[in-house]
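Below is one structure, written out as structure tokens, with a few remarks after it.
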Amino acid sequence: MKNNQITLSDIEYSNRKRTTKKEKFLEQPEDIIPCSKWVEIIRPYYYNSKQGRPPRDIETMLRMYHLQVWFSLSDEGVEDSIYDSYAMRKFMKIDFLTESAPDATTLLKFRHILEKNEFTVNCLL
Numbered sequence: 265m266k267n268n269q270i271t272l273s274d275i276e277y278s279n280r281k282r283t284t285k286k287e288k289f290l291e292q293p294e295d296i297i298p299c300s301k302w303v304e305i306i307r308p309y310y311y312n313s314k315q316g317r318p319p320r321d322i323e324t325m326l327r328m329y330h331l332q333v334w335f336s337l338s339d340e341g342v343e344d345s346i347y348d349s350y351a352m353r354k355f356m357k358i359d360f361l362t363e364s365a366p367d368a369t370t371l372l373k374f375r376h377i378l379e380k381n382e383f384t385v386n387c388l389l
């Protein structure tokens with residue numbers, strides 16, 4: 265939802281009477297996690313998009329990585345969960361009208377960059 269366009273899903277979910285525990289949990293990190301700081305730390309080690317497909321946004325990948333760790337999901341599991349869960353899609357700030365969730369292989373490559381440069385789970389969380 266990077267373009268802040270309201271979708272039919274947003275309208276539908278805004279009329280619910282109750283917020284899920286997962287949704288409440290995923291709204292808290294916005295105030296706690298210094299994503300912009302971590303993005304700048306990771307940027308020098310991230311892909312340079314001179315050839316091939318342009319890389320996904322670092323913040324998007326970082327958010328996907330956090331979901332994977334917090335919910336103990338496999339690469340494929342977190343990709344599926346983003347498509348299945350409104351709360352996770354909202355946390356990822358993805359608008360399915362204009363983009364798709366990063367695929368499992370993209371997440372795998374992102375994790376390898378973090379591991380290679382010793383950005384451990386404890387370092388980023």
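Sequential numbering of the sequence shown, starting at 265, is according to the numbering used here.
Virtual Cβ for every residue (Gly too), placed ideally from N, Cα, C.
For A351 versus K286, is the C-beta distance shorter than 7 Å?
What you label residue 351 is simply residue 87 of the sequence shown in a count that begins at 1. What you label residue 286 is simply residue 22 of the sequence shown in a count that begins at 1. It is a contact, given that the beta carbons lie within the stated cut-off.
Could you pull the start and end residues of the alpha helix (DSSP H) that K357 belongs to?
Start at 1 with the first residue of the sequence shown, and residue 357 comes out as number 93. Unbroken run through K357: none, as it is neither H nor E.
Given 8 Å as the limit, is there contact between the region 309-319 and the region 354-364, that is, 3 or more CB pairs closer than that?
The answer is no - the region 354-364 does not touch the region 309-319, with fewer than three Cβ pairs under 8 Å.
Nearest-angstrom Cβ-Cβ length linking D339 and L371, presumed shorter than 8 Å
Sequence index remark: in the sequence shown, residue 339 carries index 75 (1-based). Sequence index remark: in the sequence shown, residue 371 carries index 107 (1-based). Contact between D339 and L371 is confirmed by a C-beta separation of about 5 Å, below the 8 Å threshold.
Given a threshold of 16 other Cβ atoms within 10 Å of its Cβ, counted over all protein chains shown, does R353 qualify as buried or as exposed?
Indexing the sequence shown from 1 puts residue 353 at position 89. Classification of R353: buried, given that the 10 Å Cβ count is 16 or more.
Whole-angstrom C-beta distance between Y309 and N381, which should lie under 8 Å:
Within the sequence shown, residue 381 is the residue found at index 117, counting from 1. Within the sequence shown, residue 309 is the residue found at index 45, counting from 1. Distance from N381 to Y309 at the Cβ level is roughly 5 Å; contact confirmed, criterion being Cβ atoms closer than 8 Å.
At which residue ranges does the region 290-374 contain complete alpha helix (DSSP H) runs of 4 or more residues, listed in the order of the chain?
Whole alpha helix (DSSP H) segments, 4+ residues: 293-296, 299-306, 322-334, 339-348 and 350-356.
Expressed to the nearest angstrom, what Euclidean distance is found between the alpha-carbon atoms of I346 and R282?
Counting from one through the sequence shown, the residue named residue 346 turns up at place 82. Counting from one through the sequence shown, the residue named residue 282 turns up at place 18. Using only the alpha carbons, I get a separation of about 20 Å.
Quick one, which of S300, K301 and I306 has its alpha-carbon nearest E379's?
By 1-based counting over the sequence shown, the position of residue 379 is 115. For E379, the nearest C-alpha among the options comes from I306.
Check the C-beta distance from M356 over to R327 and give it rounded, since I have them as a contact under 8 Å.
For this step, residue 356 is matched to residue 92 along the sequence shown. For this step, residue 327 is matched to residue 63 along the sequence shown. The Cβ separation is near 5 Å, so the contact holds.
Given that a residue counts as buried once 16 or more other Cβ atoms are within 10 Å of its Cβ, and exposed if not, what is T324?
Locating residue 324 in the sequence shown gives position 60, counting from the first residue. The Cβ neighbour count for T324, taken over all protein chains shown within 10 Å, is at least 16; the residue is labelled buried.
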